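Counting with our numbering, you get residues 73 to 166 for the letters of the sequence shown. Note that beta-carbon positions come from the ideal geometry of N, C-alpha and C, so glycine has one too. Owing to the predicted nature of the structure, the values given are computational and were not obtained by experimental measurement. Read through the structure below, which is laid out as structure tokens, and then see the notes.
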Amino acid sequence: MQIRWLENAVVDLQKLRAYIQKENPKAANTIAKRIYEAIDLLSSHPGMGRAGRVPYSRELIISGSNYIISYRVKAERIEILRVLHASMPWPEEL
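The following block contains the structure:
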């Protein structure tokens with residue numbers, strides 16, 4: 073399936089990389105790589121995440137981190153909605 077990043081998810085990833093980069097550039101690259109690898113897996117296995125807290129969404133926990141990818145499976149694509157830290161308040165709408 074095709075992957076489509078929505079604007080909020082792109083901004084989330086940019087912000088988290090910038091935040092981590094200040095203290096540890098290597099860690100910023102590592103977490104970004106893990107996120108991209110997990111999303112690549114979604115294209116073959118869209119149901120691998122758990123049911124999301126927001127209706128019609130799913131959530132994929134990034135192994136070895138506190139980050140969660142929120143996504144939605146459409147007929148022919150997967151939409152990446154957000155990339156959030158587990159300690160953040162969860163938005164009511166994605």
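Beta-carbon proximity list for residue i, same chain, < 7 Å, skipping 5 on both sides
i: M73; result: S115, P118, E148, R149 and I150
i: L78; result: E151, I152 and L153
i: G124; result: R130, E131 and S142
Which listed residue (the options) has its alpha carbon closest to that of residue i
i: S137; options: A81, V82 and I103; result: I103
i: A110; options: K98, V155 and S159; result: V155
i: L166; options: I134, S129 and H157; result: S129
i: K105; options: N80, Y139, M120 and K146; result: Y139
i: I134; options: Y108, R144 and V145; result: Y108
Under the three-state DSSP convention, the category residue i falls into
i: L153; result: strand
i: R106; result: helix
8 Å Cβ shell around residue i - same chain, five flanking residues per side excluded
i: E164; result: V126
Identified DSSP bridge partners for residue i
i: S142; result: E131 and R154
Neighbour-count burial assignment, residue i, 16 or more Cβ in a 10 Å radius
i: R76; result: exposed
Contact set for residue i: own chain, Cβ-Cβ below 6 Å, skip 5 residues either direction
i: Q93; result: A100
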